[in-house]
Amino acid sequence: MIPTPEIRHVNVTRYITPLREGGSLPAVADADDGFKYVVKFKGAGHGVKMLIAELIGCEIGRVLGFKVPEVVFAHLDEAFGRTEADEEIQDLLKGSQGLNIGLHFLSGAINFDPVVTTIDAQLASEIVWFDAFMTNIDRTFRNTNMLMWHRELWLIDHGASLYFHHSFTNWEKGAQTPFALVKDHVLLPQASELDTANQKLKSLLTPQVLQDIVNLIPQEWLEWEGYEQTTEEIRAIYFQFLTARLAQAEVFTKTAQDARKALI
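Under the numbering used here, think of the first position of the sequence shown as 331, with each following residue one higher.
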């Protein structure tokens, strides 16, 4: 049995440096537990939806057996960032008071380079399947969003997943997508074991596992202005989306297989 995930809470104590590779201006920061985190802020462009995608993506990835940095809920108090000289960053921090998301900082990690490092076909297939399930558009040759740390592959940055929630008008259609954008996945050339990956991974994502992960979404991240749904109705839609998405596993697996054939 897979244990119900638990997310620790930390207080951000020091803003160290922005990571300007991402459009959402995440940053390395110290927290009061003595560790460093890559903090993603709700005051950034896509707001709490990016944080929700990051949370769900990381925790599903962990259930599926991938190496993913520990996720924490990172609190910013209202005084945080007042002494920041950069006005853009100061505005971002002011707009992010309260609950944000932090990922344990993998000190010394290097970006995964597909030219330098070859990934085992089974692992590559499982990552491609995972990203197709999550509709993650952001693991390409241009931006692999994977790190090598202690000679192991780690998955990072799932904020571009679950893109259905940016419109939120027809989640059923979003769940049924064959995800043609899988053709751009950096690991697709190595993903020769997609059938095996499909059979293995979909069996791990039971309704209870998916419900437990969706239940991790903080209430304040579900209080969306301009939407008629209640917070619990929004939470239920995330669960329904993931369940419906899993029912499409054969469809998006075949799409990935067809894309790979066209590629090689």
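Think of the CB as a built atom: it goes at the ideal place given N, C-alpha and C, for glycine as much as any other residue.
Whole-Å CB distance - residue i paired with residue j, under 8 Å assumed
i       : j       : result
Pro-537 : Thr-499 : Going by Cβ atoms, the distance from Pro-537 to Thr-499 rounds to 25 Å, so no, they are not a contact pair.
His-434 : His-339 : About 14 Å separates the two Cβ atoms, so there is no contact after all.
Thr-507 : Thr-470 : In fact, because the Cβ distance is near 17 Å, the residues do not count as touching under 8 Å.
Glu-523 : Ala-451 : 5 Å
Asp-363 : Arg-344 : In fact, because the Cβ distance is near 13 Å, the residues do not count as touching under 8 Å.
Met-476 : Ile-467 : Actually they do not touch by this definition, with Cβ atoms about 15 Å apart.
His-488 : Lys-379 : Actually they are not in contact, since the Cβ atoms of His-488 and Lys-379 sit about 12 Å apart, beyond 8 Å.
Ile-440 : Met-478 : 5 Å
Val-358 : Lys-370 : Not confirmed; about 11 Å, so no contact.
Three-way DSSP call (helix, strand, coil) for residue i in this model
i       : result
Gly-275 : Since the first residue of the chain shown is 331 and the last is 594, residue 275 is not available in this structure.
Asn-475 : coil
His-339 : strand
Leu-394 : coil
Leu-552 : helix
Thr-470 : strand
Leu-517 : coil
Glu-482 : strand
Phe-498 : coil
Glu-558 : coil
Asp-278 : Outside the shown range of the chain (331 to 594) lies residue 278, about which nothing can therefore be said.
Thr-573 : helix
Thr-507 : coil
Gln-286 : For the chain, the structure presents residues 331 to 594; residue 286 sits outside this window and is missing.
Thr-465 : coil
Extent of the continuous alpha helix (DSSP H) run through residue i
i       : result
Phe-403 : Careful: Phe-403 lies outside any alpha helix (DSSP H), inside the beta strand (DSSP E) at 401–406.
Pro-537 : 537–544
Ala-415 : Neither: Ala-415 is in no alpha helix (DSSP H) and is coded neither H nor E.
Ala-527 : 524–534
Other residues of its chain near residue i: CB distance less than 6 Å, five sequence neighbours each side excluded
i       : result
Val-402 : Arg-338, Val-340 and Gly-432
Tyr-568 : Val-544
Kindly provide the ranges of any beta strand (DSSP E) runs that are 3 or more residues long and lie completely inside the segment 344–376, ordered along the chain.
-> 357–361 and 366–370
Of all the alpha helix (DSSP H) runs that stay within the bounds of the segment 432–461, which reach a length of 4 or more residues?
-> none
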